[in-house]
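Working notes for the structure below.
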C-alpha cells in the first residue's frame with residue numbers, strides 16, 4: 223500500500239517536474255511593484271504611471287500588476303520590516319509573481335533580504351537606486367535595474383546657474399538618513415560646497431525652516447532634498463513640503479525631483495519619476511518576454527535631466543540662456559500669441575477677409591464709377607452725334623437766322639456807300655445805318671453762340687438746372703423752325719421754380735428732339751399744327767415736362783416701341799432721337815413716356831427728380 | 016423804271032435796310048411784317064409793282080402767300096428772298112410763277128436787277144391783261160344766244176352749220192353773227208378768232224371738245 227502510494231507520488235512528481243520547468247520558462251505575467259514610500263504621493267505615483275503606461279502598451283498579453291507601498295519614510299525598524307515580510311508572504315502566497323519591481327534603495331535592500339523566502343529565483347528589477355547604494359548592495363544574480371545618479375554637485379551647479387555669483391547654499395530636507403537617493407549628499411557636502419557658505423536647515427521642523435528661509439542672504443540658493451514631515455508629527459509628500467518652503471523662501475529653491483517643480487521648486491537636475499517607471503517597465507517586459515535577468519547588466523538611468531520652472535525663473539530673473547544646455551522649461555506661461563493663437567488667427571483671418579472684401583468692394587466701386595463715367599461719356603458722344611444730326615435738320619433754320627442779319631448788313635453797307643459817294647452825303651442817315659449794322663452784327667454773333675452752345679461736345683455735367691429756363695430756351699431756339707413749318711409753338715412754364723440736376727445741354731436736347739419730332743409728325747396735316755410745351759410740379763419730388771402736339775397721335779401698340787433704337791417712321795430719320803432721349807432721361811434718373819391725348823395728338827412726358835435744395 | 020416794291024419780311028432790321036436801299040434807288044416801298052398784312056391790303060393791280068417775299072415768315076409762309084395771290088388773280092410778280100436756298104423750295108416757287116429767287120445776303124446790284132426785271136415783266140403782263148380785260152368785257156356783253164353763235168363761228172362753222180346746230184334759220188344766225196362782230200369790235204372773222212384765242216376762249220373750247 224505504502225509502496226503503491228510512494229510509486230504514485232514518484233509518478234506524480236515525475237509528472238509534475240517538467241510542468242514546473244515549463245512554468246519557470248514561461249514566467250507568470252504578474253508583477254509585484256514595491257515602492258519605498260507611498261504610491262499616492264506624486265513622486266511614486268509618477269513612477270508607477272510611467273511603469274503602467276509601458277506595460278499596458280505591451281500587446282502580447284495582459285500583465286497583472288500588484289503594488290505595495292512600504293512607507294519606509296514614516297515607518298522604520300526591524301519590527302516594521304518583519305511585519306511587512308509576513309504580510310507580503312501571506313498575502314502573496316499562491317500568487318505567482320513573474321518579476322518583482324523595487325523602487326528605492328531601501329526597498330531593494332528589503333526585497334533582496336526577503337527574496338529567498340518570498341520570491342525565490344524571481345527576477346528583481348530596481349529603480350530609484352543611486353550609484354552609491356548600488357555599489358554598497360552587492361546584487362545577486364537575477365537582479366537588474368537602472369542606476370540613478372543625482373549628485374549634490376549637480377544641484378550646486380544648478381544653483382550657480384540660477385544665482386550667478388552664488389555665495390551661500392541652504393540645505394533643507396529631512397535628516398539625511400531618512401532619505402532615499404539624497405542621503406548620499408551628506409558625504410558629498412564638503413567637496414560640492416567648497417567655497418560656499420552653508421546654512422544647514424536639515425532636520426529642522428517645517429516651522430523653523432519657514433522662519434529661516436524668509437531672510438536668507440543675497441546670492442544664496444536653497445538646496446532642497448526632501449521633507450516628509452513637519453518634524454512635529456505631520457507627514458506629507460515632499461512635494462507638498464517644498465511648496466510650504468517656497469511660500470516663505472526669499473531665494474530660489476534647487477530641487478532634484480521633477481515633482482518638486484510645480485509646488486514651487488525653481489529647478490535643477492531632477493529625477494523624472496515617470497521616465498524612471500518607464501525604464502523599469504521596459505526591463506520587466508524584456509524579462510517577461512524570456513530574456514534572462516542575469517544577462518541584463520544594470521545600466522545608468524536616463525531619467526535625470528535639467529528641468530526648470532518658468533514661473534520661478536521669472537521670479538528670480540533667470541533667462542533661458544542662463545540654463546544648462548538641454549534644459550527643459552516647464553510651466554511656461556504662454557505669451558499672448560500662444561495663449562490666443564486661434565483667436566488671434568481667427569481675428570486676423572477675419573480682418574484679412576474683411577480687408578480683402580473692402581478692397582474688392584472699393585475696386586468694384588472704382589470700376590463701376592469708371593464704367594459709369596465711360597457710359598456717361600459715351601452718352602455724351604452719342605448725344606453730341608444726335609445734336610449734330612439735329613443740327614443738320616436745323617441747318618436751314620440756322621442759315622436763315624444768320625443770313626437775316628447778314629443780309630441786312632450787306633444792304634445797309636451798300637446803301638451807306640451810296641450815300642457817302644453822293645455830293646452832299648446825309649451823315650445822320652449814315653450814322654443810323656451804322657447803328658443798324660452794329661445791332662445786326664451782334665445778332666449774328668448771338669446766333670453763332672447759340673449754335674456753338676448747342677453743338678458743344680462736352681463731358682457729362684452735373685449741375686443745378688432751372689428747368690423752366692432750359693425748356694424756354696429750346697422753344698425760343700426752335701421758334702423760327704416752327705414758323706417756317708407753320709407750327710404754332712407755345713410754352714407754358716409752371717408757376718413755381720423747378721430745379722433739377724444734370725446736364726443742361728442734354729436735357730435741352732431731349733426737349734428739342736421731342737419738339738422736332740412733334741413737328742415732323744404734323745408735316746402731313748394741312749393746318750392747325752401746334753406744339754404746346756408745359757412744365758409742372760409732380761408731387762413734391764419730381765418735375766414733369768410735357769410736349770403735346772396736334773398731330774395724328776401714335777398707334778397704341780407702338781407707344782413703347784417708339785423709344786427703341788432705330789424705330790422710325792421718317793424717311794430720313796435714323797430712329798435714334800427718342801432712344802437717345804430715353805437714355806439721357808434715364809441717366810438723369812428720370813422717366814420718359816408717350817401717350818395719346820383724348821382730344822387727339824400725342825403727348826410726350828418726361829419726369830425728372832427735383833434737386834434737393 | 017419807277018414802281019412800287021412790297022416787302023414782306025418778319026425781320027424789321029432787314030425790312031428797314033432794303034426799304035432804305037430801294038428808296039435810294041428811286042422806288043416806292045411798302046413793308047409788311049407778315050403775309051397776312053399784305054393780304055389785308057392787297058396791292059393795286061393797276062399800279063406797276065413787285066413783291067419781295069421772304070420764304071420763311073411766321074404764319075402764312077412765302078409760297079403759301081404766292082398761291083393765295085395767284086388764286087386772287089394777282090399779276091404782281093414775286094421775287095423770293097430766302098436765308099437758305101433749298102432746291103425744293105426754289106423749284107416750287109419758280110414753277111408757281113415766281114419772278115426770281117434770291118438768297119440772302121443779296122447784293123444791291125442783284126436785288127435791283129431782279130426788281131427791275133420784275134417790274135418790266137409786270138408792265139408787259141399788265142398791258143396784256145388790260146387788253147384781255149377789254150376782250151373779256153366785250154364777251155361779257157354778248158347775249159347767251161350770241162355767245163353760242165360766237166363759239167361756233169370761231170370754230171370755223173358756216174352760218175348754215177350753226178343754224179343746224181342751234182335749230183334756227185340761217186338768216187337769224189346771220190343777224191346774231193353781225194351783232195357779235197359789232198360787240199367784239201372786230202372787222203373780220205380772222206380778227207374775231209385771234210381775239211378769242213388771246214382771251215383763252217378758243218383754248219377752253221378745244222379742251223372741252225376733247226373731253227366730249
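Chains as they are written, first to last, in the numbering used here: chain V, 223 to 835; chain C, 16 to 227. Glycine residues also receive a C-beta, built at the ideal position from the N, C-alpha and C atoms.
Best match in 138/C, 96/C and 112/C for proximity to residue 118/C [C-alpha to C-alpha]: 96/C
When the distance is taken between beta carbons, is residue 260/V closer than 8 angstroms to residue 293/V? Their beta carbons are under 8 angstroms apart, which means residue 293/V touches residue 260/V by this criterion.
Contacting positions in the segment 108 to 129 of chain C - beta carbon closer than 8 angstroms to chain V: 118, 119, 120, 121, 122, 123 and 126
DSSP three-state assignment for residue 276/V, whether helix, strand or coil: helix
Spatial neighbours of residue 127/C in its chain, beta-carbon cut-off 7 angstroms, leaving aside the 5 residues before and after: 40
So for residue 820/V, helix, strand or coil by DSSP? coil
Do the segment 525 to 535 of chain V and the segment 356 to 367 of chain V make contact, defined as three or more Cβ pairs closer than 8 angstroms? no
Contact check, residue 801/V vs residue 785/V under 8 angstroms by CB: the rounded distance? 6 angstroms
Taking the alpha-carbon of residue 669/V as reference, which of 279/V, 651/V and 625/V has the nearest alpha-carbon? 625/V
Interface residues of chain V around residue 48/C at Cβ under 9 angstroms? Residues of chain V passing the Cβ test: none, with the nearest at roughly 12 angstroms.
Give me, in chain order, the residues of the same chain whose beta-carbon lies closer than 6 angstroms to that of residue 235/V; leave out the 5 immediate sequence neighbours on both sides. Any answer about residue 235/V is weak, because its pLDDT of 49 lies below 50 and its placement is not dependable; what the coordinates show is given next. If we look at residue 235/V and ignore the five residues flanking it on each side, it has no Cβ neighbours.
Buried or exposed (CB count within 10 angstroms, at least 16 for buried), residue 804/V: Residue 804/V comes out buried.
7 angstroms Cβ shell around residue 481/V - same chain, five flanking residues per side excluded: 264, 265, 268, 461 and 495
Any beta-carbon of chain C closer than 8 angstroms to the one on residue 668/V? no
Rounded to whole angstroms, what's the CA-CA distance from residue 713/V to residue 817/V? Just pull it up for me. 19 angstroms
Counting only beta-carbon separations shorter than 8 angstroms, does residue 45/C have a partner in chain V? no
Taking 8 angstroms as the threshold (beta carbon to beta carbon), is residue 26/C in contact with chain V? yes
Thinking just about the alpha-carbon of each residue, which of 556/V, 296/V and 253/V is nearest to the one in residue 211/V? No information on residue 211/V is available, as it lies outside the stretch 223 to 835 that chain V covers here.
With DSSP collapsed to three states, give me the class of residue 46/C. strand
Residue 143/C burial status per 10 Å Cβ neighbour count (16 or more: buried): exposed
Which value, in whole angstroms, describes the spacing of the CA atoms of residue 590/V and residue 767/V? 30 angstroms
With H, G and I counted as helix, E and B as strand and the rest as coil, what does DSSP make of residue 368/V? strand
I'd like to know whether the C-beta atoms of residue 665/V and residue 627/V end up nearer to each other than 8 angstroms. For the 8 angstroms CB-CB criterion, residue 665/V and residue 627/V form a contact.
Can you find a C-beta in chain V that's less than 8 angstroms from the C-beta of residue 29/C? yes
Who are the Cβ neighbours of residue 682/V in its own chain at under 6 angstroms, not counting the five residues just before and after it? 598, 602 and 725
Helix, strand or coil for residue 815/V per DSSP? When DSSP states are grouped into helix, strand and coil, residue 815/V belongs to the strand group.
Nearest neighbour of residue 327/V, chosen from 371/V, 393/V and 340/V [CA to CA]: 371/V
Residue 85/C touches chain V at which residues, Cβ-Cβ below 9 angstroms? Within 9 angstroms Cβ-Cβ: nothing; residue 85/C doesn't reach chain V, min ~18 angstroms.
Residue nearest to residue 701/V in terms of C-alpha spacing, selected from 756/V, 760/V and 620/V: 620/V
Distance, Cα to Cα, residue 26/C vs residue 48/C? 7 angstroms
Please report the distance separating the alpha-carbon of residue 245/V from that of residue 318/V. A caution first: residue 245/V carries a pLDDT of 42, below 50, which makes its placement in the model too unreliable to give a value.
Span of the beta strand (DSSP E), counted from its first residue to its last, around residue 40/C: From DSSP, residue 40/C is part of no beta strand (DSSP E); its letter is neither H nor E.
In chain order, what are the residue ranges of uninterrupted beta strand (DSSP E) at least 3 long that sit wholly in the segment 506 to 594 of chain V? 526 to 531 and 550 to 552
From residue 391/V to residue 251/V, what distance separates their C-alpha atoms? 48 angstroms
Which residue's Cα is closest to the Cα of residue 771/V: 815/V, 831/V, 731/V and 710/V? Answer by Cα proximity: 710/V.
What residue range is occupied by the uninterrupted alpha helix (DSSP H) comprising residue 354/V? Residues 353 to 358.
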